[in-house]
Amino acid sequence: MGNRTQLARYKKLLSFIDIHFKEDINIPQIEEVCHYSYRNINRIFEALHNETIGKYVKRLRLEKAAQYLSYSEMGVSEIAYEVGFEDRAAFSKAFKNKYQLSPANFRKTQSSIREELQSTLVPPEQEGREELEFEIAYLDDFTYLFLEYRGLQEDMSANDKVWEDLYEYGNKKGIISEAPIFMLEIRDDEEISDSIHCRYNFALLLENKPDFEAEGLFRIKEHKQQKYARFTHVGAPESSIEFYRKIYAYWMQDVGLELQDLPSLEFYPNYAENLPEEELQTEIYIPVV
């Protein structure tokens, strides 16, 4: 997309949908946000996402419902209403079409998966295990520049390319400090979302409010103060996937805090020190109430 006006309007619409997808988004709202006819912006959106605006919104709602079924005790009707379905029957039908399971059976399956994972993490012959180590942390307001990536987090070559693009753009804008802070904002769950749709925001924290408009597919966002459970993973970045599974497998037993419906964050305190992979640290911030 070479037209800067088109791109700016697309980014504005994308940010609007990401915030309001659980609400009743109608065509006049979309046209007001992007200043295009729905027909035209829908064509642009489909070209970039391989799905229409309507299908994008519906998928986000169902994937969010799957997260609630997996990690909360909310009832099915409550979840249906929370993600934007006014009718439980319509929600259950749409959910089953996507996941081939009813919401209730999906929840049972996720519970069984966690139990099986727990038995794998702690074999029967072992008497016990070490509890998850974490601490409560608060992150204050900050501003960050980011580039969205859709795919698998374990695809290291693709990940490295996004980091390179982010660094080069930050360097071009003169916003790379002597000790830059890079962050990964995890928007989706790879256990729930299709790999081609999993969203990750590769981000650079900004010391000051920017005096420029982000170009291309780069965007700028505000983080509001939030409470987190902070974990530290030591080892190669790709091995963090198993660490995440362990966290969620034992969340109720070891953490017991209610999850907040916000993205998890990753920070990398010693990646710039040229350490061997087994010594690298990843600070994982999981939002809690």
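All residue numbers for the sequence shown refer to the numbering used here, where the first residue is 1395 and numbers rise by one.
Don't be surprised by glycine CBs; every beta carbon is placed ideally from N, CA and C.
F1612 is bridged by DSSP to L1541. Contact between the region 1612 to 1629 and the region 1652 to 1662 is established, with three or more Cβ pairs separated by less than 8 Å. Cα atoms of L1546 and F1637: separation of roughly 16 Å, rounded to the nearest angstrom.
When Cβ pairs closer than 8 Å are counted between the two stretches, the region 1457 to 1466 is seen not to touch the region 1423 to 1440, the count staying below three. Linking Y1563 to S1513 through their CA atoms gives a straight-line distance of about 46 Å. Counting every other CB atom within 10 Å of its CB across the protein chains shown gives D1481 a total below 16, marking it as exposed. Within the region 1403 to 1435, the complete alpha helix (DSSP H) runs of at least 4 residues fall at 1421 to 1428. Across the structure, D1554 and E1609 are spaced so that their CA atoms are roughly 20 Å apart.
The residue among A1498, H1443, E1585 and V1477 with its C-alpha nearest the C-alpha of L1408 is H1443. No residue range can be given for L1674, since it is assigned to no alpha helix (DSSP H) and is classified by DSSP as neither H nor E.
Taking a C-beta distance under 8 Å as the contact criterion, N1595 and F1540 qualify as a contact pair.
Assignment of alpha helix (DSSP H) within the region 1463 to 1505, counting only whole runs of 4 or more residues, yields 1470 to 1476 and 1482 to 1493 in chain order. Restricted to the region 1601 to 1646, the beta strand (DSSP E) segments that are unbroken, complete and at least 3 residues in length are 1612 to 1617 and 1620 to 1628, listed in chain order.
A residue is called buried once 16 or more other Cβ atoms fall within 10 Å of its Cβ, and E1579 is buried on that count. Restricting attention to K1449, E1601 and Q1400, the CA atom closest to the CA of E1572 is found in E1601. Taking a contact as a CB-CB distance under 8 Å, the pair R1455 and K1416 counts as one, their CB atoms being some 6 Å apart.
The alpha-carbon of V1451 is positioned some 42 Å away from that of L1669.
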